[in-house]
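For reference, the structure discussed in these notes is given below.
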Amino acid sequence: MTKPVRKVEKVTDIIRVLNGGIKFYEEAMEKVDSHGAKTVFGRMVSAKRSSVEKLQPFAIAENGEFEKDSDMAVDFRNAYTKVLSKLTSDNDHTYVEQLEEVEDKTRAVIHEALEIDQPKACKMALMNVLNTANETHSQMKSLQQTTS
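Be aware that the sequence shown starts at 1, since it is given in UniProt numbering, and climbs by one per residue.
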């Protein structure tokens, strides 16, 4: 009796959140004044791009093609932050606070995917991406404390 082949699931959701985060961080780099925040944001973009690269083979397994879209919730948060930043005098803190929420969303969607019985290679990639997400979340939490 052969074991049923497990199907990759929810990886495209993670990539959409990561892609939305990349776009948000890139735009935030242009809006904040702090050189330190810009540096951290640049590291976040690199980490997210690396995670997307690791997950794309599983997106192809899931949907038959590369995932290029971004998550609507992240896009809405980005738009909300743009409006909010026009109403406050502290753009750095506003962007850092909202981007930390994006890190929370990223970790949550990865945890959802890990709750599913994924193929072994996919689970290993997800665990690797979760480790990266935990690191970026910690960095944003630290940055949030310095900008408040």
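A virtual CB, placed ideally from N, CA and C, is assigned to each residue, including glycine.
For this session: Using beta-carbon positions only, say whether Leu130 and Leu143 come within less than 8 Å of one another.
Result: no
Problem set entry | Where the alpha helix (DSSP H) containing Arg43 begins and where it ends | 35-63
For this session: Just mark Phe66 as buried or exposed, buried being the case when its beta carbon has 16 or more other beta carbons within 10 Å.
Result: When all chains shown are included, Phe66 counts as exposed.
For this session: Report the option in Leu18, Asn19, Met44, Ile15 whose CA atom is closest to the CA atom of Met29.
Result: Met44
For this session: Tell me whether Ser70 sits in a helix, a strand or coil according to DSSP, three-state version.
Result: coil
Problem set entry | Three-state secondary structure (DSSP) of Gln144 | helix
Exercise. By DSSP, does Ile22 sit in helix, in strand, or in coil?
Worked result: Three-state result, Ile22: helix.
Exercise. Looking at C-alpha atoms only, which residue of Gly42, Lys123, Ala108, Ile116 is the closest neighbour of Ile22?
Worked result: Gly42
For this session: Ignore the nearest five residues each way along the sequence and tell me which others in Ser51's own chain have a CB closer than 7 Å to its CB.
Result: Leu18, Val129, Thr132
Problem set entry | Contact between the segment 58-73 and the segment 93-101 (3+ Cβ pairs under 8 Å) | no
Exercise. Of the residues Asp92, Thr39, Ser89, Val102, which one's Cα is nearest the Cα of Phe76?
Worked result: Val102
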